[in-house]
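Just so we're aligned, residue 0 is where the sequence shown starts under numbering that gives the first Met the number 0, counting upward by one.
Think of the CB as a built atom: it goes at the ideal place given N, C-alpha and C, for glycine as much as any other residue.
Okay, structure first, notes after.
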Amino acid sequence: MIRCVRKIGLTLVETVVVLGIVSIIVVGAYQIFHEGILLFRVNQAAADGQASTMKVLGRMTSEISGAKPQLVKHFDGSGGEPPGLVFASALTDSGTTRFHADTGQVYWQKIVCFYFEEDPSGGFDGKVFRCEEVIDPEDSSGPGNSVFADVKSLVDARDTAYFEGNSSLPRRLIAEGISGLEVAPYAGEFGGAGASRKDSYNLVVESGNPTAGEDRGYYIKVDSRVTPQG
């Protein structure tokens with residue numbers, strides 16, 4: 000009687016080959032998973048960065064457009080102060096505007112400052128703050144000062160460094176994850192010359208690393224031009 004012996008199991012060579020194939024599959028799957036997670040994180044960070052830049056741009060534009068041109072000062076950071084804007088606002092805490100009963104002049108309520116605080120580690124996680132200082136009342140009729148010269152002297156005496164360094168003033172974090180804020184006067188002009196001239200400002204807000212590769216980072220840059228119309 001002849002018996003057929005069935006071989007069960009793998010030889011050493013076959014085992015090595017199978018393990019090699021399995022290793023390739025596992026490594027490939029890990030790389031795909033890792034790249035997918037990385038891409039998700041980059042896309043999420045980019046979405047957050049875009050939301051932050053648009054928030055800063057929208058907030059600054061809406062407030063500055065209601066300011067009086069002569070009561071606006073810009074700072075580009077070249078003097079060591081944080082980049083940003085300082086201006087007088089006529090809005091009360093309730094969002095209304097008061098006018099002098101006799102002269103009809105608006106009561107200016109506060110000096111407002113938007114400024115950029117760089118990432119202390121030298122990275123790209125900077126912040127934009129809004130800080131304000133209440134103007135002393137002109138009289139007992141209510142808050143604010145309608146004397147233009149008085150208000151202008153207050154604006155002229157302040158810069159972004161003053162607001163950044165004064166911890167007693169109320170401030171609000173507008174957005175984080177900001178890598179740059181640029182405020183520059185527009186080279187052109189609107190409304191003619193003299194008293195009718197309307198100076199404008201170019202606002203540029205950045206988020207992310209401008210030198211980052213597409214697969215390892217993001218960079219968002221938004222800009223707008225705003226003209227004080229108060």
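Is residue i helix, strand or coil when you go by DSSP?
| i | result |
| --- | --- |
| residue 70 | helix |
| residue 186 | coil |
| residue 58 | helix |
| residue 163 | helix |
| residue 52 | helix |
Please determine, among the options, the residue with the shortest C-alpha to C-alpha distance to residue i.
| i | options | result |
| --- | --- | --- |
| residue 100 | 134, 128, 63, 139 | 139 |
| residue 240 | 105, 84, 145, 156 | Lying before the first or after the last residue shown, residue 240 is absent from the chain, which here runs from 0 to 229. |
| residue 179 | 10, 43, 53, 20 | 53 |
| residue 50 | 229, 224, 220, 104 | 220 |
| residue 175 | 223, 146, 122, 158 | 122 |
| residue 148 | 87, 82, 207 | 87 |
| residue 210 | 218, 203, 156 | 218 |
| residue 81 | 119, 136, 222, 146 | 119 |
| residue 198 | 63, 55, 59, 56 | 63 |
| residue 145 | 208, 90, 224 | 90 |
| residue 181 | 172, 204, 167, 155 | 204 |
| residue 170 | 71, 77, 126 | 126 |
| residue 236 | 137, 142, 98, 72 | Because the chain here runs from 0 to 229, residue 236 falls outside it and cannot be looked at. |
| residue 129 | 154, 151, 59, 45 | 59 |
| residue 68 | 184, 208, 132, 156 | 184 |
| residue 131 | 151, 103, 109, 224 | 109 |
| residue 43 | 92, 216, 107, 224 | 216 |
How should residue i be labelled, buried or exposed, when 16 other C-beta atoms within 10 angstroms of its C-beta is the threshold for buried?
| i | result |
| --- | --- |
| residue 165 | exposed |
| residue 23 | exposed |
| residue 235 | In the structure as shown, the chain begins at 0 and stops at 229. Residue 235 is therefore absent and cannot be evaluated. |
| residue 10 | exposed |
| residue 228 | exposed |
| residue 61 | exposed |
| residue 159 | buried |
| residue 113 | buried |
| residue 172 | exposed |
| residue 206 | buried |
| residue 162 | buried |
Would you kindly report the start and end of the unbroken beta strand (DSSP E) that includes residue i?
| i | result |
| --- | --- |
| residue 222 | 218 to 225 |
| residue 83 | 83 to 88 |
| residue 201 | 200 to 207 |
| residue 175 | 170 to 177 |
Counting contacts by CB-CB distance shorter than 9 Å, is residue i in contact with chain D?
| i | result |
| --- | --- |
| residue 204 | Any reference to chain D falls outside this structure, which holds one protein chain only. |
- Runs of alpha helix (DSSP H) wholly within the region 100 to 159 (minimum 4 residues, chain order): 147 to 155
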